[in-house]
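Novice:
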Amino acid sequence: MSKTEVLPHQADRGGPRQPLILAQNLKKHFPVRSGLLNRQTATVHAVDGVSFEVRKGETLGIVGESGCGKSTTARLLIGLTELDDGSVIFDGDILGSDISLKEMRRSVQMVFQDSYASLNPRLTIADSIAFGPKVQGLSDPKDRARDLMARVGLDPNRFAHRYPHELSGGQRQRVNIARALAMSPRLVILDEAVSALDKSVEAQVLNLLTELRKEFGLTYVFISHDLNVVRYISDRVLVMYLGEVVEVGPVEAIYAKQAHPYTVSLFAAMPSMDPDNRTEEPPLAGDPPNPIDPPSGCRFHTRCRFAEHVCRDKPPTLATFGENPDHLAACHLRDPSSGHSLAGKEVAA
Amino acid sequence: MASAISPSAASSPSEITATAAKTRSYWSNVLRRFLKDRIAVACAVILLLLILAAIFAPWLDLADPYRGSMIKRLRPIGTEGLPLGSDEQGRDMLARLIYGGRLTLLIGLLPVVFAFFIATVLGVAAGYVGGWVNTIIMRTVDIFFAFPSVLLAIAISGALGAGIVNSLVSLTIVFIPPITRVAESVTSSVRSLDYIDAARASGGNAFTIVRVHVLGNVLGPIFVYATSLTSVCMILAAGLSFLGIGVKPPQPEWGLMLNTLRTAIYVNPIVAALPGVMIFITSLCLNLLSDGLRSAMNVKD
Numbered sequence: 038m039s040k041t042e043v044l045p046h047q048a049d050r051g052g053p054r055q056p057l058i059l060a061q062n063l064k065k066h067f068p069v070r071s072g073l074l075n076r077q078t079a080t081v082h083a084v085d086g087v088s089f090e091v092r093k094g095e096t097l098g099i100v101g102e103s104g105c106g107k108s109t110t111a112r113l114l115i116g117l118t119e120l121d122d123g124s125v126i127f128d129g130d131i132l133g134s135d136i137s138l139k140e141m142r143r144s145v146q147m148v149f150q151d152s153y154a155s156l157n158p159r160l161t162i163a164d165s166i167a168f169g170p171k172v173q174g175l176s177d178p179k180d181r182a183r184d185l186m187a188r189v190g191l192d193p194n195r196f197a198h199r200y201p202h203e204l205s206g207g208q209r210q211r212v213n214i215a216r217a218l219a220m221s222p223r224l225v226i227l228d229e230a231v232s233a234l235d236k237s238v239e240a241q242v243l244n245l246l247t248e249l250r251k252e253f254g255l256t257y258v259f260i261s262h263d264l265n266v267v268r269y270i271s272d273r274v275l276v277m278y279l280g281e282v283v284e285v286g287p288v289e290a291i292y293a294k295q296a297h298p299y300t301v302s303l304f305a306a307m308p309s310m311d312p313d314n315r316t317e318e319p320p321l322a323g324d325p326p327n328p329i330d331p332p333s334g335c336r337f338h339t340r341c342r343f344a345e346h347v348c349r350d351k352p353p354t355l356a357t358f359g360e361n362p363d364h365l366a367a368c369h370l371r372d373p374s375s376g377h378s379l380a381g382k383e384v385a386a
Numbered sequence: 002m003a004s005a006i007s008p009s010a011a012s013s014p015s016e017i018t019a020t021a022a023k024t025r026s027y028w029s030n031v032l033r034r035f036l037k038d039r040i041a042v043a044c045a046v047i048l049l050l051l052i053l054a055a056i057f058a059p060w061l062d063l064a065d066p067y068r069g070s071m072i073k074r075l076r077p078i079g080t081e082g083l084p085l086g087s088d089e090q091g092r093d094m095l096a097r098l099i100y101g102g103r104l105t106l107l108i109g110l111l112p113v114v115f116a117f118f119i120a121t122v123l124g125v126a127a128g129y130v131g132g133w134v135n136t137i138i139m140r141t142v143d144i145f146f147a148f149p150s151v152l153l154a155i156a157i158s159g160a161l162g163a164g165i166v167n168s169l170v171s172l173t174i175v176f177i178p179p180i181t182r183v184a185e186s187v188t189s190s191v192r193s194l195d196y197i198d199a200a201r202a203s204g205g206n207a208f209t210i211v212r213v214h215v216l217g218n219v220l221g222p223i224f225v226y227a228t229s230l231t232s233v234c235m236i237l238a239a240g241l242s243f244l245g246i247g248v249k250p251p252q253p254e255w256g257l258m259l260n261t262l263r264t265a266i267y268v269n270p271i272v273a274a275l276p277g278v279m280i281f282i283t284s285l286c287l288n289l290l291s292d293g294l295r296s297a298m299n300v301k302d
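Just so you know, the sequences run in chain order L and G.
My numbering numbers the first residue of the first sequence as 38 and each following residue consecutively.
My numbering numbers the first residue of the second sequence as 2 and each following residue consecutively.
(1) When you compare the CB of L:A154 with every CB in chain G, is at least one pair closer than 8 Å?
(2) So, are the CB atoms of G:F117 and G:I180 less than 8 Å apart?
(3) Would you say G:M94 and G:G82 are within 8 Å of each other, going by their C-beta atoms?
(4) What first and last residue would you give for the beta strand (DSSP E) that runs through L:H82?
(5) Output the boundary residues of the beta strand (DSSP E) element that contains L:Y257.
(6) Starting from L:I277, trace the beta strand (DSSP E) in both directions and tell me its first and last residue.
(7) State the DSSP-derived secondary structure class of G:N206, mapped to helix, strand or coil.
(8) Should L:L379 go down as buried or exposed, given a rule of 16 or more other Cβ atoms within 10 Å for buried?
(9) Out of L:D130, L:S71, L:T96, which one is the CA nearest neighbour of L:G52?
(10) Just reading off the alpha helix (DSSP H) that G:G124 is part of, what are its end residues?
(11) Using a threshold of 8 Å, state whether the C-beta atoms of L:V267 and L:A367 are closer than that.
(12) Quick one, are the C-beta atoms of G:V211 and G:V272 less than 8 Å apart?
(13) With 8 Å as the threshold, decide whether the Cβ of G:T261 is near any Cβ in chain L.
(14) Check the C-beta distance from L:V288 over to L:D272 and give it rounded, since I have them as a contact under 8 Å.
(15) My understanding is that L:V148 touches L:D228, with C-beta atoms under 8 Å, so please give their C-beta distance in whole angstroms.
(16) Any heavy atom of the ligand MN inside 7 Å of the beta-carbon of L:V266?
(17) So, with DSSP's three-state summary, where would you put L:H297?
(18) With 8 Å as the threshold, decide whether the Cβ of L:F127 is near any Cβ in chain G.
(19) Give the DSSP-derived three-state secondary structure of L:A305 in the structure shown.
(20) Mind checking if L:L57 is an interface residue toward chain G, Cβ cutoff 8 Å exclusive?
(21) Cutting at 6 Å between CB atoms, please list the residues of its own chain near G:I266, excluding the five before and the five after it.
(22) From G:N288 to G:A41, what distance separates their C-alpha atoms?
(23) Which same chain residues end up closer than 6 Å to L:L59 when comparing Cβ atoms and leaving out the 5 residues on each side of it in sequence?
(24) At least one CB of chain L closer than 8 Å to the CB of G:G184: is that the case?
(25) Identify, in the order they occur along the chain, each residue of the same chain with its Cβ nearer than 6 Å to the Cβ of L:L255, setting aside the five sequence neighbours on each side.
(26) Rounded to the nearest angstrom, what separates L:G286 and L:P325 at their Cα positions?
(27) Report yes or no: is there a C-beta of chain G within less than 8 Å of the C-beta of L:C368?
(28) Would you mind telling me which residues of chain G sit closer than 8 Å to L:F259, beta carbon to beta carbon, in chain order?
(29) What do you reckon, are the CB atoms on L:I162 and L:A197 nearer than 8 Å?
(30) Tell me which residue opens and which closes the alpha helix (DSSP H) that G:P253 is part of.
(31) Report yes if the C-beta distance between G:S203 and L:F168 is below 8 Å; otherwise report no.
(32) Given this structure, state the Cα-to-Cα distance separating L:L355 from L:L365, to the nearest angstrom.
(33) Whose C-beta lies closer than 7 Å to the C-beta of G:V248 among residues of the same chain, with five residues either side of it excluded?
(34) What's the call for L:M277, buried or exposed, on a 16-neighbour Cβ count within 10 Å?
(35) By DSSP, does G:M258 sit in helix, in strand, or in coil?
(36) For the alpha helix (DSSP H) containing L:I270, name the first residue and the last one.
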């Protein structure tokens with residue numbers, strides 16, 4: 038079986054320097070309705086002005102606590118949730134004007150966390166994989182499904198006619214990956230795709246994802262709360278807090294030295310492999326503030342050790358701060374002109 | 002227990018043939034489990050016999066259900082030539098019960114079938130599209146819930162006038178709201194699952210997604226619920242005839258027969274109760290059958 042048979046190449050339109058996805062100022066506010074007349078009484082600021090780029094061929098890891106807007110960001114990229122504001126530019130084409138949602142959906146696919154809920158229990162595996170190609174009018178959807186099953190490590194003769202409940206979690210997640218690849222996408226969004234698997238299966242699926250990326254020249258957006266996994270698979274990492282980007286940078290740079298106090302505490306919460314180095318104190322106290330009424334200024338100031346007046350008054354902007362032009366943080370500590378007393382100084386985090 | 006062990010034991014020798022046997026289709030699984038439920042199977046057989054008898058009544062060599070005799074009125078069960086006795090006009094009860102099954106089953110089943118189709122369309126549309134469509138459909142349905150179903154059927158039938166077609170219409174209207182509500186709730190729970198999102202992300206339009214991914218997962222529960230309503234529908238239809246706003250005499254229909262024989266309850270109580278017994282057996286069987294179907298269609302094993 039040749040590779041071209043499985044995945045016909047989709048044309049690169051914008052050239053290698055054009056980011057595959059450029060997200061600009063994405064906003065999603067969910068209304069909270071209550072009362073007799075179902076009036077809107079509050080707004081959840083799920084994603085509030087998020088901008089980032091996904092470069093061609095890279096894996097961008099998105100990390101953050103539960104409820105910080107990781108999944109909503111992913112759903113905004115693929116158009117499953119409607120944008121309130123901002124724009125998504127796919128390979129130079131503005132989504133909605135230069136390129137339609139339906140066109141883009143061929144190029145962007147998603148793998149969900151719950152492997153069982155993301156497969157129709159009444160369809161065989163082969164039918165589930167073939168659904169997308171069939172809808173998009175691609176040729177031979179059934180053959181394509183069988184080829185892809187073989188590619189993700191499921192023997193089509195054994196599995197093609199099975200139903201999702203007859204498969205294990207790891208096998209089902211392979212099916213979901215095959216289903217996403219069946220559309221010959223250029224970008225695959227993996228929303229906690231390996232989080233529900235046990236560790237050995239998780240490693241197998243991660244290796245499969247790495248192989249597939251090389252083979253098909255894919256770009257990944259990898260959403261996870263597991264920092265070890267993100268380190269393994271990502272090229273760049275984006276850290277979110279309460280619907281905003283607080284830090285973004287190359288994986289080595291962030292794992293070596295975190296710039297934002299939130300990122301510092303997030304990494305401090307990572308279990309250590311060394312028993313002498315175990316974490317005993319919780320690095321961050323309490324839950325994140327309610328996104329219905331996010332704090333003023335820097336959203337992290339309510340839990341930050343270094344918070345000063347300026348943090349309450351003025352929201353920091355995402356900017357470079359050191360010699361690495363790719364490493365950005367949104368913190369007054371990193372901006373010498375911010376007015377923070379410790380700005381620009383090295384602080385022991 | 003035995004059936005749980007056998008498939009895994011069979012899968013070792015030759016992988017391909019074994020798995021082909023193991024992966025039965027969903028409906029053959031349902032059938033296999035349904036056949037294990039003896040009560041449900043017995044009910045299905047009884048219902049089938051009743052339906053067949055009703056369909057083939059003219060060929061069963063029965064007496065004329067319309068021809069009465071003043072001499073042979075209200076004979077008891079087992080009289081020569083009248084195996085189930087005769088009614089207040091001397092007509093053969095056996096013939097009238099079998100011919101009566103034709104109308105009764107028709108009026109009992111057709112409204113539910115019609116309501117099933119209409120309500121599935123309404124409920125799936127409301128559940129899948131959501132928003133304003135949902136509000137308009139479901140609040141309209143709620144208006145119908147304000148009336149007790151018997152009262153609503155009587156009111157509509159009364160307004161339209163007596164007759165078979167009018168009772169069919171009124172009973173269909175009565176059964177649309179409950180089935181719509183079930184269809185809507187099942188659909189909106191399926192709608193929120195990831196595989197619908199995945200299908201949307203594949204670029205499928207709403208119609209295709211409903212056809213491929215939604216209907217297969219909601220029709221089962223809606224169908225089972227509708228089956229359980231057929232017995233209610235039969236009783237309602239009999240009630241309408243009993244009140245004189247359904248089938249008109251001298252046509253044989255179980256509810257109507259129960260009504261006319263009510264005057265003979267002191268003369269020949271057993272014969273007078275026979276149409277009621279038929280209604281009872283049929284609705285009991287329908288209820289048990291829908292129970293059996295529901296457990297057979299529950300695929301989480």
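Every residue, glycine too, gets a C-beta built ideally from N, C-alpha and C.
Just so you know, these numbers come straight off a predicted model, no measurement behind them.
Specialist: The short version:
(1) It does: the Cβ of L:A154 has a partner Cβ on chain G nearer than 8 Å.
(2) In this structure, G:I180 lies closer than 8 Å to G:F117 by Cβ.
(3) The Cβ atoms of G:M94 and G:G82 do not sit closer than 8 Å to each other.
(4) Secondary structure note for L:H82: its beta strand (DSSP E) is the uninterrupted segment 76-91.
(5) Boundaries of the beta strand (DSSP E) harbouring L:Y257: 256-260, taken from the DSSP string.
(6) The residue you asked about is not Ile; residue 277 of chain L is Met in the sequence shown. Run containing L:M277: 273-278, per the beta strand (DSSP E) assignment.
(7) The answer is coil: DSSP assigns G:N206 none of H, G, I, E or B.
(8) Exposed: under 16 other Cβ atoms inside 10 Å.
(9) Nearest Cα to L:G52 within the set L:D130, L:S71, L:T96: L:D130.
(10) Following the DSSP letters along the chain, one finds G:G124 inside the alpha helix (DSSP H) bounded by residues 94-130.
(11) L:V267 is not a Cβ neighbour of L:A367, given a cutoff of 8 Å.
(12) Cβ atoms of G:V211 and G:V272: not closer than 8 Å.
(13) Chain L contact via Cβ: absent.
(14) In this structure, L:V288 and L:D272 form a Cβ contact; the two beta carbons are roughly 6 Å apart against a cut-off of 8 Å.
(15) The pair is a contact, with the Cβ atoms about 7 Å apart (cut-off 8 Å).
(16) Summarising the ligand content, the structure contains no ligands, and the ligand MN is consequently not present.
(17) If DSSP states are grouped into helix, strand and coil, L:H297 belongs with coil.
(18) Put simply, the CB of L:F127 is far from chain G, with every gap to its CB atoms at 8 Å or more.
(19) Reduced to three states, the DSSP call for L:A305 is helix.
(20) Taking Cβ atoms only, chain G never reaches closer than 8 Å to L:L57, which makes this a no.
(21) Cβ within range, chain order: A273.
(22) Between G:N288 and G:A41, the C-alpha separation is close to 9 Å.
(23) Sequence-distant partners of L:L59 (beyond 5 residues in either direction) whose C-beta falls short of 6 Å from its own C-beta, in its chain, are E90, I126.
(24) A quick correction: the sequence has Ala, not Gly, at residue 184 of chain G. By this cut-off, G:A184 is not an interface position.
(25) Hits under 6 Å: V225.
(26) Rounded to the nearest angstrom, the two C-alpha atoms are 23 Å apart.
(27) It does not: the Cβ of L:C368 has no partner Cβ on chain G nearer than 8 Å.
(28) In chain order: nothing, as chain G lies at least about 17 Å away.
(29) A contact, by the Cβ cut-off of 8 Å.
(30) Element bounds for G:P253: n/a, residue is neither H nor E.
(31) In this structure, L:F168 lies closer than 8 Å to G:S203 by Cβ.
(32) The C-alpha of L:L365 is placed about 6 Å away from the C-alpha of L:L355.
(33) The residues L104, I165, S242, E254, L257, in chain order, have a CB closer than 7 Å to that of G:V248 in the same chain once the five nearest residues on each side in sequence are set aside.
(34) Buried, because 16 or more other Cβ atoms sit within 10 Å of the Cβ of L:M277.
(35) Here G:M258 carries a helix assignment [DSSP, helix/strand/coil].
(36) First-last of the alpha helix (DSSP H) with L:I270: 264-270.
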